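Note that this note's numbering numbers the sequence shown so that position 41 is 26, with each residue one more than the last. Presented below is the structure to which this report refers.
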Amino acid sequence: MDALAELTAEQGYEATKISDIVKRAGVARKTLYDNFEGKEEVFLAAFDSARDEVLRRVEEGSAGENGDRGEWQEQIEGGLAAVLGYIAEEPTLARMCMVEALSATPATTKRYEDAMETFVELTKRTLPKDTRLPDTIAETLVGGVAWIIYQQIRRDEAEHAEDLLPELTEFITAPYLGAGTAK
């Protein structure tokens, strides 16, 4: 899975061949096919693994240092810090999940969309209820954050993703608190 992530980051999903994957991974073609049906299944398994790790980190990050949930703003900032930290630590997996998944295959696009919906639901549960804001505010905020992260990765600046934390925290909290009031 790591080999596929590295190769898709370097050359894109379409250009990556099974022979490239087995060579990079140092495994026999038979070994790959004993575990996966093909390249798409390897991609989806790598995507799922990365998504699950990010979600685990978000849960930990939003729980705070003492394991308590804290204020919603702290939960948002902790969750964002977890996502951005993962991206900085795992730039090839981040590229695979945030860039390549969008165009590799219909199944990878669906997996990306499902992951975004999961993040929307987490955001909805964390943000306060505010009837002055549109019903689509969580989708708007998650989509905006995803777009900024996507651009950071496309510019090959994933290792600096954590620098986005103050700006993205303010982006998410400003509709509720007002601009310039985020930590």
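Don't be surprised by glycine CBs; every beta carbon is placed ideally from N, CA and C. In this text the structure is predicted, and so the values were computed from the model without any measurement.
| Item | Value |
| --- | --- |
| The ligand FMN heavy atom lying under 7 Å from the CB of I138 | Questions concerning the ligand FMN fall outside what the structure shown contains, since it holds no ligand whatsoever. |
| Span separating the alpha-carbon of Q58 from that of L(-11) | 36 Å |
| Cβ contact check for the segment 3 to 11 and the segment 71 to 85: 3 or more pairs under 8 Å | no |
| Coil, strand or helix - A92 by DSSP | helix |
| When D33, V27, K24 and G63 are compared against V43, the one with the closest alpha-carbon | G63 |
| CB-CB length for M101 against A31, believed under 8 Å | The Cβ separation is near 17 Å, so there is no contact. |
| Status (buried if at least 16 other CB within 10 Å, exposed otherwise) for Q60 | buried |
| CB contact flag (Y169, L112, <8 Å) | Because the chain in this structure spans residues -14 to 168, residue 169 falls outside the shown range and cannot be described. |
| For E45 and P119, the rounded distance between their alpha carbons | 29 Å |
| Spatial distance of D37 from H145 (CA atoms) | 22 Å |
| Collapsed DSSP secondary structure at T111 in the structure displayed | helix |
| Environment of Y18 [buried if 16+ CB atoms lie within 10 Å] | exposed |
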